[in-house]
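What follows is a short report on a single structure.
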Amino acid sequence: MKKYSFVFILVIALYFNMTQLSVVRAENMFEEKMSELSKLGILENGHLPYDEQITRAEMASLITRSLLLPEGDKTFSDVPRSHLFYVDVNKAASSGLINGIGSDKFAPDRKLTREEMAALIDRALRFKGGSPTLGKLSFTDNEQIYFSTSVQHLVHVNIINGFPDNTFRPKENVTRGQASVTISRMLTTLKEIEQDKQQREQEETDKDSEEVIDKEESEVDKSSYYLAEIEKDGDLDKLTAFDTYQQAKDALNDYNNAVILHNDKIVWMEDGIAITDRYTKIYEEDLYQFNNFIAAGTEVQYIGADEEKVKVQFLKNVGYIKLESLTLIPDKLVEERTHYKVQDEQFIHVLYRNGSYESYVYGMAPPFIDDGEKVHSEDGVHFDEGEYYQYFNYLPLRTKTSYDAEDLDRYIEAMQPDSPLIGLGKAFKQAEEEYRVNALYLLAHAIHESAWGFSEIAKEKNNLYGINAIDSNPLQNAAQFDNFQDGILYAGMYISDRYLTPGAIYRGGLLGNKSIGMNVMYASDPYWGQKISGHMYRADQYLGEKDFEQYELAEVIVDKLNVREMPDKKADVIYQIATKGATVVVLDEEESEDGVWYKIISDSDKAEEAYIYADGELGTFVEKIEY
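Read in order, the letters of the sequence shown are residues 1 to 627 in full-length UniProt numbering.
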């Protein structure tokens, strides 16, 4: 195992809906698009700040000027002639692109939300002859999206995307920079629509050829099972049709490099990867009981398939996923996939989902991976080139941070000067003291879950952790707190009791992944723990690296390990660590007749310190992590 060291950078962003830390890349992209629209006469005052939120009237004006809409006579009682955007609002309304609120009002100065922007752009595409194709939505907050059809359309044409935490945040307000990027993408899509229209007109000049194509397509019975071979250019060449899955499977021996197709979807392949199309469970073979759950867009290891299910492995979890919930991609067709890469000595996790990229900083680059090199790993530790444990992802959360309240506030203010989290350092430290939950982790979790305190649930409910934000209406169901301080203290108690104290859903007191730690039961996002640990890493880098290597860590390498009151195999068992791969903090070592015992920080509320057998005549149960 290798030694770590850490250097701070900002998170890389690829889309306009990037995380709050992506400031430098955001400025470049937003200012470029604002300048572009200004030159086209679409955006006035292109020198204004890109991060200012825009109003409904401003967006209507951008659309009107982008599409060169004609004059109209539609008016609203709350948009007088003296209003700056009176003419543009009326043009957009007369063209059917914007709707009022109530009988005759528009609320021109109300801030525009992301879902309202999606609806407006969708109408603009339809107005110009676009034929919408709906993409799949796999956001964790799908139920909050009122204009879901519009969002599906824009996701399909890559005009709009979600955030790295797999949310869409439909109620979040839109900035001038974000609107400019979206308008620019809309204009690009409109050009493509016009090109497609011209191409169709050209194709229609050859009626005979078109009739032949139609006839050939009509002869394809999509309900059949087909054997298909993968051609050099990546196309699938259909060979033979069969009435049943089993008939197609039995015929595989007669072909090389063949897959089975059903309804133009690959339902069997020899080898490759599988991607979840939606939030899904990993089941036992009966497809009834399940042992884990993962988010949409997650890459899992393909083992095999039958007519209704696919056998997969994700981390240490081997089980079955319903075929309808997966996309199978043979190795020969894999072009892009989720990977890690090194950039400026940082370890970046690049997620490839639904044809788009998201990324976040996970930690310090492993020394055996070169700058710019792409590598693959299921758990972010084990690579073909070696293994490397990221300290904060494996740090037990019963620890204490070296930083005081002022340090935490200083970091927040430096990263987000207008964040409502500023001043809450004392609350994070109080929760650490009262509930034995690391304050730096609590801050990092709040940053990740609430987008630095700007999420709707945070603003409306003083809930920084999304506690109880479940079912069909997350905002309504989310727990309400009188203030942020109360919410932080409750979160400390809630996380301590449910996830860090040994019990039904305890999988080790670390952040971890979908195999160990909080991540197993707390979130469907398999990288939730890594993302939060990335926030801890960046904070520690900024504040002076006082937390890194503060504690000595060890990994449990057996399936069940008793934690005892004393370094004696006859001593009372306080609790049991039943998850292989979980980590502990080693406070001291003691030797006895039967071997070496480690004194550790206890996860149980019965004792703050305890003992585990490490190595000796009974075997090796724990290994120290070297960093």
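Every residue gets a Cβ at the ideal spot worked out from N, C-alpha and C, and that includes glycine.
Got a sec? Which residues, its chain only, sit under 6 Å from residue i by beta carbon, not counting five neighbours each side?
i	result
valine 157	Thr189
isoleucine 412	Ser419, Leu421, Ile422
lysine 374	His339, Lys341
serine 450	Ala458, Leu464
tyrosine 226	Lys238, Ala241, Leu261
What is the DSSP secondary structure of residue i, counted as helix, strand or coil?
i	result
methionine 364	strand
glutamine 576	strand
aspartate 88	helix
isoleucine 121	helix
isoleucine 63	helix
glutamine 198	helix
glutamate 609	strand
glutamate 52	coil
leucine 239	strand
isoleucine 213	The pLDDT assigned to isoleucine 213 is 47, lower than 50, so where the model puts this residue is not dependable; a value taken from the coordinates is nonetheless given after this. Isoleucine 213 falls in the helix class under three-state DSSP.
serine 218	Legend: pLDDT at serine 218 = 44, less than 50; position of this residue unreliable, value from coordinates given subsequently. Looking at serine 218 - three-state DSSP - the assignment turns out to be helix.
phenylalanine 127	helix
aspartate 540	helix
threonine 338	coil
isoleucine 625	coil
glutamate 549	coil
threonine 133	coil
valine 259	strand
isoleucine 159	coil
valine 151	helix
asparagine 142	helix
leucine 587	strand
asparagine 291	strand
serine 77	coil
tyrosine 225	strand
glycine 581	coil
glutamate 307	coil
Out of the options, state which residue places its alpha-carbon closest to the alpha-carbon of residue i.
i	options	result
leucine 37	Thr167, Phe139, Ile183, Leu125	Ile183
proline 417	Lys429, Gly386, Trp452, Val312	Trp452
tyrosine 44	Asp88, Lys105, Asp235, Phe454	Before going on, a small fix: residue 44 reads as glutamate here, not tyrosine. When only C-alpha atoms are compared, the closest one is Asp88.
serine 35	Tyr255, Asp277, Arg176	Arg176
arginine 185	Arg200, Ile159, Asn166, Glu204	Ile159
methionine 493	Trp528, Pro396, Glu591, Asp605	Asp605
leucine 261	Ala305, Leu287, Val300, Ile294	Ala305
serine 95	Ala124, Leu323, Asp78	Ala124
isoleucine 557	Pro396, Ile574, Gly581	Gly581
glutamate 299	Tyr279, Leu252, Lys105	Tyr279
glutamate 58	Asp109, Lys74, Ile101, Arg81	Asp109
tyrosine 50	Glu172, Asn473, Leu69, Ser180	Ser180
phenylalanine 428	Leu489, Asn477, Glu626	Leu489
proline 80	Ser455, Phe106, Asp277, Gln576	Phe106
glutamate 456	Val585, Phe168, Ile54	Phe168
leucine 543	Tyr388, Gln152, His83, Ala405	Ala405
valine 437	Tyr362, Leu112, Glu626, Asp497	Asp497
aspartate 482	Gln476, Asn142, Lys461	Lys461
lysine 191	Ser66, Val267, His445	Ser66
lysine 197	Met269, Gly129, Phe383, Thr140	Gly129
residue 681	Gly616, Phe290, Val361	Here the chain covers residues 1 to 627 and nothing more, so residue 681 does not appear.
Could you check how far apart the C-beta atoms of residue i and residue j are, in whole angstroms? I think they sit under 8 Å.
i	j	result
glutamate 552	alanine 610	That belief does not hold up - the Cβ atoms of glutamate 552 and alanine 610 are roughly 16 Å apart, past 8 Å.
aspartate 331	glycine 234	Not confirmed; about 12 Å, so no contact.
leucine 97	isoleucine 63	6 Å
tyrosine 255	alanine 274	Wrong, their Cβ atoms sit about 22 Å apart, outside the cutoff.
glycine 297	arginine 337	Wrong, their Cβ atoms sit about 11 Å apart, outside the cutoff.
leucine 443	alanine 539	7 Å
aspartate 264	serine 402	No, aspartate 264 and serine 402 are not in contact; Cβ-Cβ is about 57 Å, not under 8 Å.
glutamine 576	valine 563	7 Å
methionine 518	tyrosine 537	About 17 Å; that fails the 8 Å criterion.
valine 259	leucine 323	That belief does not hold up - the Cβ atoms of valine 259 and leucine 323 are roughly 13 Å apart, past 8 Å.
threonine 327	valine 585	Threonine 327 to valine 585, Cβ: 41 Å. No contact.
Leaving out five residues on either side along the sequence, give the residues of the same chain with a beta carbon under 8 Å from the beta carbon of residue i.
i	result
asparagine 292	Lys281, Ile282, Phe314, Asn317, Gly319, Lys514, Val520
phenylalanine 147	Glu115, Glu116, Ala118, Ala119, Asp122, Pro170
aspartate 370	Val342
serine 218	Interpretation of serine 218 is limited by its pLDDT of 44, a score under 50 that renders its predicted location unreliable; the figure taken from the coordinates is listed afterwards. If we look at serine 218 and ignore the five residues flanking it on each side, it has no Cβ neighbours.
residue 635	What is shown of the chain runs 1 to 627, which leaves residue 635 out entirely.
Return the chain-ordered list of same chain residues with a C-beta closer than 7 Å to the C-beta of residue i, the five sequence neighbours on each side being excluded.
i	result
histidine 448	Asp165, Lys531, Ile532, His535
alanine 60	Phe85, Asp88, Val89, Ala92, Ile98
asparagine 257	Glu229, Ile230
alanine 571	Arg564, Glu565
isoleucine 69	The question names isoleucine, yet the displayed sequence has leucine at residue 69. Closer than 7 Å at the Cβ level, and outside the excluded window around leucine 69, lie Lys91, Ala92, Ser95.
Inset, instruction - May I have a chain-ordered list of the beta strand (DSSP E) segments no shorter than 3 residues that lie completely inside the segment 343 to 411? - result: 346 to 353, 356 to 364
Inset, instruction - Run through the segment 471 to 525 for me and flag every whole alpha helix (DSSP H) of 4 or more residues, listed as ranges in chain order. - result: Segments of the alpha helix (DSSP H) lying fully in the segment 471 to 525: 474 to 477, 484 to 495, 519 to 522.
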